[in-house]
Structures are given as C-alpha cells and as structure tokens.
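To start, the structure itself, in structure tokens.
Okay, structure coming up:
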C-alpha cells in the first residue's frame, strides 16, 4: 500500500506525472480494455470508453482518497463509463439497453477481434437476460477472474451480496443455455 501511495504522489507531481501516467497506462490499459469490452462487447466502442476512462482517471486523481486500491477505483470509473456509454447509445438508437446488447452480440460474429464460437455467443445472449448488477458480477468473476473482495470494492457491494448475485446469475445462465 505504501508503494501505491508513492505512485499516486508521482502521478500528482507535475515533474513526474508524465512518466507515472505512462506506467499507469502500461499496467492498466489491457485489463481495463478487457473489463470494458466484457460490458460493451464492441471493440471500437471499447476503445472510446477506455480513452474516456483514462481521461476521467487523470482529471480526478487529485480527488482519489486512497480508501480503496487504485485498481478498484479505476475499475469503478471504467464500469460507470461503460454503463453510461451503453445507456446513451441505446437512448440515441431509441432502443432498450437489452436490445442494444443483443445487437452487439449479433455483430460479434463479424468482429475480427472476437474469436468465439456459437457456445460463447449463446453465453453472451444468456448474460444479456440478467439484471445489470448480475451481469457485472458474472462478467467480473467469470471472464476476468476477479476475487469477490475486489468486485466488492469496485461495485461497492458486500461480498455476501455478490456471492448471491453470482449464484443467481449462474443458475439463470444454465437455464438459458440448456433450453433451445
């Protein structure tokens, strides 16, 4: 934790800021990309949201109080940015966020950055049927292999509630995948 405080200090110091931010990008760009991609599903949209996320991180770093890990704080920003992006895109298109997600899944087959098969497409469709919170918990646990404690910090929810959400999500997905 002491190391993280020093790193944050270097991010805030105008003389070390550029190099520290480059390190931040190097360390978190790929995991945040994957996290956002799991939410928005589209590569180009993910790039846009990732860029917005790093802009927000940079702009709000001075407000970071260190009550959670930097990783958790950044993931929270990325999650909020991704959800806001989806809601705005759905609103602009005049459709629900579920319809938007289903369109994105249908477009996955043509996406050169997606190397999944029919089973993964069906899994994605099953996930869209879940309430938003269960979707997030499932994706963070299943695809990103985050620990419940990390997800708890990111989403601001108790570990017990997260375990219950994940359990319910798995049951719903199993039911969806096994029916045709």
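Numbering (the numbering used here), first residue to last: 81 to 260. No residue lacks a Cβ here, since even glycine has one placed at the ideal position from N, Cα and C.
Query: Inter-residue CB distance, residue 148 and residue 254 (contact presumed, cutoff 8 angstroms); Result: At roughly 32 angstroms, the Cβ-Cβ gap does not stay under 8 angstroms, so residue 148 and residue 254 are not in contact.
Query: Proximity to residue 88 [Cα-Cα], best of 142, 127, 133 and 122; Result: 142
Query: Exposure of residue 86, with buried meaning 16 or more beta-carbon neighbours within 10 Å; Result: exposed
Query: Residue environment, residue 134, which counts as buried when at least 16 other CB atoms sit within 10 Å; Result: buried
Query: Chain-order list of residues whose beta-carbon lies under 6 angstroms from that of residue 235 (same chain, five-residue window excluded); Result: none
Query: Limits of the alpha helix (DSSP H) - the one that residue 92 falls within; Result: 82-92
Query: Pair within 9 angstroms by beta-carbon distance, residue 217 and residue 229; Result: no
Query: Three-state class that DSSP yields for residue 259 in the structure shown; Result: coil
Query: Of the residues 90, 94, 146 and 115, the one placed nearest residue 103, counting alpha carbons only; Result: 90
Query: Closest by C-alpha distance to residue 119, when choosing among 184, 99 and 137; Result: 184
Query: Own chain partners of residue 113 with C-beta closer than 7 angstroms, once the 5 adjacent residues on each side are dropped; Result: 126 and 130
Query: Run of the alpha helix (DSSP H) containing residue 208, from where it starts to where it stops; Result: 198-208
Query: Coil, strand or helix - residue 148 by DSSP; Result: coil
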